[in-house]
Amino acid sequence: MIKQAKFVISNTDYRKCPAPTKPEFAFIGRSNVGKSSLINMLTNHKNLAKISGKPGKTQLINHFEINDNWFMVDLPGYGFAKVSKSIKNTWEKMISDYLTNRDNLVALFVLVDSRLDPQPIDLEFITWCGQHGIPFVIIFTKSDKQGKSKTNQNVSKFLDECVKIFGEAPQYFITSAQNAEGKEDVIAFIDNEVIEYYDSLK
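Residue 185 is where the sequence shown starts when you use the numbering used here, and the numbers rise one by one after that.
Right, here's the structure in full:
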């Protein structure tokens with residue numbers, strides 16, 4: 185359960201992030217996938233993460249401390265943001281440096297739009313995660329935007345593509361920021377991982 189969420193710091197460099205003394209859970213996804221809305225839903229805040237209809241709003245590594253116990257990290261989106269190539273390359277380096285150098289990163293939540301067929305850019309990103317040993321979990325967003333059967337159909341298609349890449353399907357959650365679907369499951373997953381993280385330090 186998330187009782188407290190507070191902004192800590194924004195960075196462009198993983199070396200300036202908070203000391204890696206607490207377990208960390210990062211959120212990333214294609215531009216406009218609903219990342220900010222999901223983060224606000226999970227934390228019971230309206231404006232913890234900035235929401236924008238304009239892709240590419242998140243441009244920094246944003247750390248939030250949750251319950252004084254773990255970090256939630258809002259990462260820039262990848263994909264269709266209308267920014268210059270030099271800025272895009274800077275973001276990509278910033279994200280890859282962060283993901284490959286944070287030893288306290290317990291899980292990366294990769295957000296995927298449940299309304300769409302599998303998108304190459306999402307599959308390319310999780311393939312990169314697999315190649316670099318980044319522990320990731322899929323979060324399908326916007327499940328309220330179409331019927332349940334359509335959501336399940338698109339989820340199955342995406343998981344089938346994952347099996348082709350990895351030989352097995354990753355852990356996943358189906359969510360909606362509008363009606364809080366999946367909220368309890370995602371929080372329960374994080375809570376369990378936080379307990380295991382601290383147990384492993386004993």
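Heads up, the beta-carbon is just placed ideally off N, CA and C, and yes, glycines get one too.
How many angstroms separate the CA atom of ILE212 from the CA atom of VAL294? Cα-Cα distance, rounded: 5 Å.
Outcome for ILE193 when other beta-carbon atoms lying within 10 angstroms are tallied against a minimum of 16: Result: exposed.
Would you decide whether ASN231 is buried or exposed? Buried here means 16 or more other CB atoms lie within 10 Å of its CB. Looking at its Cβ environment, which holds fewer than 16 other Cβ atoms inside 10 Å, ASN231 is exposed.
Name the two residues that bound the continuous alpha helix (DSSP H) containing ALA372. Per DSSP, ALA372 belongs to the alpha helix (DSSP H) from 367-385.
Just curious, the beta strand (DSSP E) that SER194 is in, first and last residue? Run containing SER194: 189-195, per the beta strand (DSSP E) assignment.
Per the DSSP calculation, MET256 is bridged to which residue(s)? MET256 pairs with PHE209 and PHE248.
I'd like to confirm the pairing. Which residues does DSSP put opposite TYR387 in its beta bridges? Outside the shown range of the chain, which is 185 to 386, sits residue 387, and nothing can be said about it.
Under 8 Å: do the stretch 317-333 and the stretch 293-307 share three or more Cβ pairs, one atom per stretch? Touching, per the Cβ criterion.
Short of 6 Å in beta carbon distance, which residues of its chain neighbour PHE248, apart from the five on each side in sequence? Order them along the chain. Around PHE248: ALA189, PHE191 and MET256.
Measuring CB to CB, does PRO207 end up less than 8 Å from GLU365? Contact annotation: PRO207 and GLU365 have beta-carbon atoms that are not nearer than 8 Å.
Can you give me the Cβ contacts of GLN355 inside the same chain, cut-off strictly under 7 Å, excluding the 5 residues immediately before and after it? Cβ within range, chain order: VAL321.
Going by beta carbon distance, what residues of the same chain come within less than 6 Å of PRO319, once the five residues before and after it are set aside? Counting only Cβ-Cβ distances below 6 Å, and skipping sequence neighbours, we find ALA291.
Hey, out of SER280, ASN253 and ILE358, whose CA is closest to THR335's CA? The shortest C-alpha separation from THR335 is found at ILE358.
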